[in-house]
Amino acid sequence: MAAQHGTRVMTVLGPAGVGKTTLVEALAGLEGQAAKREESGPLGIYRFSYLDDPWIALDAPGAVDLAQTALDALQFSDIALVVVPPDPEQAVLAAPAIRMVEDAAIPAVLFINRIRESEARLSDLVAALQHFSNLPLLVRQVPVREGDEVVGAVDLISERAWRYRPGEPSALVEVPAEVREREEQARSELLETLADFDDTLLEQLIEDKAPPSDALYALCAKVLREDRAFPVLFGAAAEHHGLNRLMKALRHEAPEVAETRAHRLNEAARAGIIHAHHEKHLGKVALLRALKGVLKTGDMVGGVKLGQMMPVAGSGTLAELPEGAVAKLVKTEALSTGAAYDEKGEVTLAHPVPVLAPQARATIHAKNAKDEVRLGEALQKLASDDRSLKVGHDEAEGALMIEGQGDLHFRRVAEMLEKDFGIGVDLGTSRPSYRETVARAVDKHYRHKKQTGGAGQFADIKFKLNPAPRGSGFHFEETIHGGAVPRQYIPSVEAGMKEGLERGPLGFPVIDVALTLYDGQHHPVDSSDMAFKIAGMMGVREAVKEAGSVLLEPIYEVAFIVPDSFTGALNPRIAQLHGQVLGFERDAEHEGWEILKAELPGRALDALVGEIRGATQGTGRFVAEFDRFQEVYGRDADNILKEMAAE
Ligand SMILES: Nc1nc2c(ncn2[C@@H]2O[C@H](COP(=O)(O)OP(=O)(O)O)[C@@H](O)[C@H]2O)c(=O)[nH]1
Ligand SMILES: [Mg+2]
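If you read the sequence shown in the numbering used here, its first letter stands for residue 244, the second for the next number, and so on.
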């Protein structure tokens, strides 16, 4: 049989431990062949065929810390397979995957795994999943039970029943009498939902005519591909139950790359980078998908000539890559994860997957000081492969800082630096940036005078130091008359004052002060730019001390994005972290989610990732944005200063 379809790509996603890897292995081996598999970072890549159709399956990591890899895999896939646990109580664990699928606007099939042991009613589980889904769920099968066990399934469109057999394809059997009533009920629900999308079917239902199966299958395929409903199938990956049914559904219903390109990407896109990672001797290894036409070595993609392409989970090189297929590409520094390219450059995507906001920060030092520069470069490379990793600078420590998704993410970064770049690193705690300001106004007279041997130094200034409103930063003006401080020296006074404010008595930059230079004296020989700069610097330092320092801490506006059942659990934790809840609302873009807004001090940020994951079984996330600096007084201020001093 010749292949009827080009290579299609599916991403398999869902919570950790739900059975994704087991499922992909089983699907890839359905026809008896050994699974061809390799890895790109945390992404498992499988190449296999089913009924002669070529497939690539991407086994996305379930860990929340690595969620960007799952999102990136979705970007250039044709279809998503969301694996869900068979317990309604645990349906919420699948909510982040459903959310990702909705963000990527990708057609998705929900697969309920471990159905054999499931005692829950399918309808309860579907209701729990529906709570987290924007699109209607199309239940396509009902289980056949014997005692506590699910031993088979009835397909609701063909109305045929299958009995699972250990180690063999399921057997076609009569629909058991005790299932018939449930089957009919579920079938009419399925047809009613489908009729919302199709007038012909609606008429048939009204006129009580039996719609033909092939028309129903075609309608299912259409609503899936148009991203208007999620079909629900079930089975047991470990026992290979329900897997042929699943693969056949995917075979008939998953879109081809041309449709993916047109609907979700960009008609001009020639190739997309699914994922990339670094290897010690190869440099960057990118997983590239041909999105439009055949790609050959030497073709232009994103303004660079395509180098050697290698098959996924194979050996040798590929002379050409058919449309839809996936290959590995080495030394492709110019091409980045998540991006699509035409001949000349990057193209915009109709539905780009989100880039995850940082959930945690850490300082990072090379174990060997001479690696510090290479460390910066290596981190930049890792960040170009992984968009959820950001490289910055920690103000308090004067060190490199990474922002990412949590401890697991950071440990992986450290491992890759060691293994692929030969740089050993230590991770540390990144601290919030504090500021200070002045409590009172001060009128200050400062004279800088030095007489050592030859030319002396002389500068004399009078100025007012005033507290200024929050957010105003540094403000300088002068009201000098009659050249008491000659014009040319005034900028030096200002520069000196700025420098003097870089570190206040508490050890932090001094902000929100207004300075007015109103008088002074100079000397025709001994005055100089330098003398006035020193006067400005020393003068302002003394003035700040006299005015009294007030500690300012950074305040962040934090949006917590959580399944709605967890909003209540989050509230007390925010209070414990010295935060203030501002309110919450439904997430307008995702059914079943809420967005809770709060203000939290910078010192709470490090604890946030643990708190939100603890309160939401790992499903919640947050986006923190710096808002302002705010005064801290009393014991709070003392504690912060004590802690900073201790470190
Ligand atoms: N009983 C049963 N166990 C399963 C099934 N699918 C997966 N498992 C087991 O669940 C565990 C986690 O599976 P795995 O595929 O690694 O989950 P992943 O983290 O989603 O990739 C493994 O011990 C599997 O053997 C299933 O259908 N039935
Ligand atoms: Mg796995």
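No residue lacks a Cβ here, since even glycine has one placed at the ideal position from N, Cα and C.
Predicted, not measured: the structure shown is a model, and the values here were computed from it.
Closer than 7 Å to a non-hydrogen atom of ligand 1 - does that hold for the CB of residue i?
i	result
Val590	no
Gly515	no
Ala261	The sequence given here has Val at residue 261, not Ala. For ligand 1, at least one heavy atom lies less than 7 Å from the Cβ of Val261.
Gly257	yes
Ala414	no
Arg357	yes
Glu482	yes
Ala337	no
Ala556	no
Val352	no
Thr360	The sequence shown places Glu at residue 360, not Thr. Yes, since a heavy atom of ligand 1 falls inside the 7 Å radius drawn around the Cβ of Glu360.
Val326	yes
Ala479	yes
Can the beta-carbon of residue i be found closer than 8 Å to that of residue j?
i	j	result
Gly743	Phe775	no
Leu381	Phe473	yes
Ala512	Leu534	yes
Lys702	Ser770	Looking at the sequence provided, one finds Ala at residue 702 rather than Lys. Yes, the Cβ-Cβ distance between Ala702 and Ser770 is below 8 Å.
Pro498	Arg468	yes
Glu640	Pro601	no
Gly588	Leu572	no
Val261	Val326	yes
Asp830	Ile804	yes
Arg425	Val393	no
Arg280	Gly272	no
Thr250	Pro565	yes
Tyr689	Gly782	yes
Asn356	Pro412	no
Arg532	Gly515	yes
Ala507	His636	One detail in the question is off: residue 507 reads as Arg in this sequence, not Ala. No.
Leu632	Leu625	yes
Leu294	Arg494	yes
Pro806	Trp836	yes
Val547	Ser283	no
Run the proximity test for residue i: is its beta-carbon closer than 7 Å to any non-hydrogen atom belonging to ligand 2?
i	result
Ala302	The residue asked about is misnamed: residue 302 is Asp in this sequence, not Ala. Checking the Cβ of Asp302 against ligand 2 gives yes.
Thr264	yes
Gly284	no
Gly275	no
Gly305	yes
Below 8 Å on the Cβ atoms is my contact criterion, and I expect residue i with residue j to pass it. Report the Cβ-Cβ distance as a whole number of Å.
i	j	result
Met920	Ala577	Nothing about residue 920 can be reported from this structure: the residues present for the chain run from 244 to 890 only.
Ser376	Ile341	5 Å
Glu312	Ala300	Per the sequence presented here, residue 312 reads as Thr, with Glu not at that position. Not really, about 14 Å apart at Cβ, beyond 8 Å.
Ala902	Asp762	This structure leaves residue 902 out entirely; the chain is present only between 244 and 890.
Leu324	Ala347	No, Leu324 and Ala347 are not in contact; Cβ-Cβ is about 13 Å, not under 8 Å.
Arg406	Val416	5 Å
With 16 other CB atoms within 10 Å as the buried threshold, where does residue i fall?
i	result
Phe869	exposed
Val768	exposed
Leu270	buried
Leu433	buried
Val387	buried
Val369	buried
Asp391	exposed
Gln623	exposed
His718	exposed
Leu437	buried
Gln428	exposed
Thr242	Outside the shown range of the chain (244 to 890) lies residue 242, about which nothing can therefore be said.
Glu721	buried
Ala729	The sequence shown places Pro at residue 729, not Ala. Pro729 should be labelled exposed.
Ile449	exposed
Val598	exposed
**Prompt:** Okay, do the region 706–721 and the region 674–690 touch, 3+ Cβ pairs below 8 Å being the bar?
**Reply:** yes
**Prompt:** Is it true that the region 296–309 meets the region 577–585, where meeting means three or more beta-carbon pairs spaced less than 8 Å apart?
**Reply:** no
**Request:** Could you tell me whether the region 755–768 touches the region 832–849, where touching means 3 or more Cβ pairs closer than 8 Å?
**Result:** no
**Prompt:** How do the region 482–491 and the region 509–528 stand: do at least 3 beta-carbon pairs fall below 8 Å, yes or no?
**Reply:** no
**Request:** May I ask you to verify whether the region 603–617 touches the region 652–672, counting CB pairs closer than 8 Å and requiring at least 3?
**Result:** yes
**Asked** At a cut of 8 Å, does the region 782–794 reach the region 332–340 through at least three beta carbon pairs?
**Response** no
**Request:** Taking 8 Å as the threshold, find out whether the region 453–464 comes into contact with the region 396–403 through three or more Cβ pairs.
**Result:** yes
**Message:** If contact is defined by three or more beta carbon pairs under 8 Å, each pair taking one atom from either stretch, is the region 656–665 in contact with the region 519–526?
**Reply:** yes
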